[in-house]
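The opening residue of the sequence shown carries number 1 in UniProt numbering; numbering runs sequentially from there. Here is the structure we will look at, set down as structure tokens.
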Amino acid sequence: MNSTPLLACEAVTVRFGGVVALDGVNFNAKKGAVTSIIGPNGAGKTTLLNAITGMVQANEGHIGFAGNEITDLPTYKRGQAGVVRTFQNLEVFSNMSVIENVMTGCHRHVKYSVLDCLLKTPRYHREERRCTELAMNKLEFVELAELAQAPSGDLAFGQQRAMELARALASEPELLLLDEPAAGLNMKETKALGKLIGRIRSELGVTVVLVEHDMDLVMGISDEIMVLNYGKDLAVGSPQQVQKNPEVIRAYLGEDDET
């Protein structure tokens with residue numbers, strides 16, 4: 001794990017009218033690490049992901065990625081730079097096959113024009129073959145290759161989550177933002193998800209930022225954790241440090257540190 005931050009958020013503030021969703025938040029994700037963001041509902045976790053990806057604009061502060069300022073970049077340019085995310089709710093094209101779903105993640109690598117597509121030129125066929133191979137590679141990584149031609153709507157919920165990860169990986173991100181990926185999963189599926197996220201980091205070298213409520217998952221796979229509370233960064237540290245932090249215990253874990 002590199003100690004240099006791949007992602008650096010400095011004093012990020014986001015307002016919705018008179019509501020301050022993020023209030024001067026500082027957040028770093030080290031290259032090659034799994035960094036989790038936790039906090040109560042309404043703490044601003046998803047808003048922070050939205051600010052990082054450009055889905056909402058930061059009113060104040062700076063966001064840097066790979067040494068470049070991306071604060072004012074549109075979402076698609078951040079995606080082209082290697083910032084990719086998944087969402088709380090599954091985004092599945094149920095009328096398409098599994099591999100076709102994953103191929104939609106290859107968009108930033110496709111190198112043919114609309115005219116190439118209409119005329120079915122050699123370049124179009126070459127790029128489609130390359131995209132198919134990339135998608136199959138990611139399906140093998142998440143252990144869904146045998147279901148590549150199956151209708152995606154027929155997959156079990158946990159398999160659809162894995163397919164969603166394969167689609168995100170097909171864009172070959174440098175930074176992967178996961179918004180509550182364990183939502184709706186049973187204990188066995190959550191354990192498998194934790195192993196998969198670990199492999200994404202260790203085998204693919206992808207930096208992961210995780211927003212999650214499942215504390216067993218968070219504590220088991222995170223290198224570092226940042227705690228948000230009422231839109232402010234409350235604490236940052238290793239899982240062990242965060243678990244022992246009195247302010248975190250009071251604000252989030254719901255325990256009273258007084259006896």
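Idealized CB from N, CA, C, for every residue including glycine. Since this is a predicted model, take the numbers as computed values, not measurements.
- Counting only runs of at least 3 residues, the stretch 78-109 fully encloses the following beta strand (DSSP E) elements, listed from N- to C-terminal order: 83-85.
- Between L90 and E164, the C-beta gap is smaller than 8 Å, which places the two residues in contact.
- Secondary structure note for H62: it is in no alpha helix (DSSP H), and the uninterrupted beta strand (DSSP E) holding it is 60-65.
- The shortest C-alpha to C-alpha distance from Q57 to any of T35, I70, A66 is the one to I70.
- T190 sits buried, since 16 or more C-beta atoms from the chains shown fall within 10 Å of its C-beta.
- About 19 Å separates the beta carbon of A170 from that of C117, a gap too long to meet the 8 Å contact definition.
- Cβ neighbours of V12 within its own chain (closer than 8 Å, five residues either side excluded): L22, G24, V25, N26, F27, L48, A51, A58, E60, G61, H62, I63.
- Counted as a single uninterrupted DSSP element, the alpha helix (DSSP H) harbouring K195 occupies residues 187-204.
- Pairwise C-beta distances place the stretch 208-228 out of contact with the stretch 71-83, as fewer than three of them are shorter than 8 Å.
- Your pair T86 and P173 does not check out as a contact, with CB atoms roughly 11 Å apart and the cut at 8 Å.
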